[in-house]
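Numbering (our numbering), first residue to last: 20 to 475.
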């Protein structure tokens, strides 16, 4: 090989080595930048399953109940900070009972009087069943403690039992009764698993599986530095001899529990699948599942109670608000404010009938009293004139002055008959008949009809 060829090959190899070294440096930087952060200082983002996912032959992971999902946002605004004031860390107490004093910030603690649920604290002594605290002003006394070392853990919880997972929502302390021992000692520098749920009795599925992690990296890529005791972690869960493993820290809802007794075991594992040695990292609990339970949580899980009906368990001010379907009891009439009383309906007074005035009615013409029948003369014949009685003369009413209408109480008076008969052109009479013929009307001597007696 010529010298110039050797020179070219050496330069090419040097360049390739520089490129390779640059690539390795980039990979190392990326690895360091993606190192795992501690679980104790993280706010966990919870993403719910849209569909059920089979995780074993019997159990499936499902979405949380709809009512719980709707209420979740009302409590996401809080970042509770829990502090154990007493007993103090590493304190030796010369008594077999201890008074627990707690402080909590940024979370209202209360218990709804109707549904008996609300934001609360859960106290766990060693690995015993937890106690629920709704009022930290009331003293919490733990008695009949065995001599030796004990660990007290406290964390904030939602009304349905799910723990808050922000930094500061968990606190722990170790104290001693009379003397120190190696029992129940949880190293605060090592990863720690605090079992939360399920515990106790349940009346509906799905059932919450929840826990709290301390000093555990959230990511599986790397850790902050090579001195960490654990690189990766997993949680192994065994329920009724069925085992599954998951690597995320969030609440999980499971269905597939059998009616009656069920046992649940949680284990904190490292990246090799081995248990991480620390107190309480392996916990077993026995629960009782009885379908069709009538407690509030069971009704919420089944959807029998909606978010608007039980919103008072997450919002204390909502307890005074009534749902649209609730009946509002009316107070006694004696205490109803005057401005809120329903006005009494006054009866309509009875009024007398008022005559409606008539508008320009045609005047009523009074009938002419009945007189003697007069035979109508035939044309061309001179009719026989019947004598008119002298006693009374019928006066035809005038048309010009209108006769006022009479009220029902008034009786029309009989018109006075004049002595002479005033025949008008408007009335067909014997006089009219003779006037048209321009003949004088003779005034015969009145004679009496043989059929009618004379008037006296």
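Yeah, the Cβ is synthetic: ideal placement off N, Cα and C, and Gly gets one too.
Assigned secondary structure, residue i (DSSP; H/G/I helix, E/B strand, else coil)
i, result
"residue 428", "With a pLDDT of only 48 at residue 428, under 50, the local geometry of the prediction cannot be trusted, and no value is derived from it."
"residue 74", "coil"
"residue 320", "helix"
"residue 91", "helix"
"residue 19", "For the chain, the structure presents residues 20 to 475; residue 19 sits outside this window and is missing."
"residue 218", "coil"
"residue 42", "helix"
"residue 330", "helix"
"residue 235", "coil"
"residue 100", "strand"
"residue 304", "strand"
"residue 336", "helix"
"residue 205", "coil"
8 Å Cβ cutoff met for residue i and residue j
i, j, result
"residue 139", "residue 149", "no"
"residue 201", "residue 216", "no"
"residue 489", "residue 130", "Absent from the structure is residue 489, since the part of the chain shown begins at 20 and ends at 475."
"residue 223", "residue 165", "no"
"residue 306", "residue 218", "yes"
"residue 78", "residue 273", "yes"
"residue 170", "residue 186", "no"
"residue 159", "residue 142", "yes"
"residue 295", "residue 236", "no"
"residue 251", "residue 203", "no"
"residue 254", "residue 265", "yes"
"residue 196", "residue 115", "yes"
"residue 125", "residue 100", "yes"
"residue 529", "residue 87", "Outside the displayed span of the chain (20 to 475) sits residue 529, for which this structure offers no information."
CA-to-CA distance, residue j to residue i, given in whole angstroms
i, j, result
"residue 287", "residue 300", "5 Å"
"residue 328", "residue 83", "18 Å"
"residue 93", "residue 168", "39 Å"
"residue 104", "residue 192", "10 Å"
"residue 275", "residue 42", "50 Å"
"residue 260", "residue 128", "38 Å"
"residue 109", "residue 155", "22 Å"
"residue 256", "residue 102", "30 Å"
"residue 226", "residue 206", "31 Å"
"residue 54", "residue 267", "Residue placement at residue 54 is poorly supported in this model, since its pLDDT is 44, which falls under 50; the coordinates are not used for a value here."
"residue 315", "residue 199", "43 Å"
Rounded distance between the beta-carbons of residue j and residue i, thought under 8 Å
i, j, result
"residue 183", "residue 175", "4 Å"
"residue 331", "residue 194", "That belief does not hold up - the Cβ atoms of residue 331 and residue 194 are roughly 37 Å apart, past 8 Å."
"residue 302", "residue 285", "5 Å"
Query raised in the report: What are the start and end residues of each continuous alpha helix (DSSP H) run of 4 or more residues lying completely inside the region 139-203, in chain order?
Result: none
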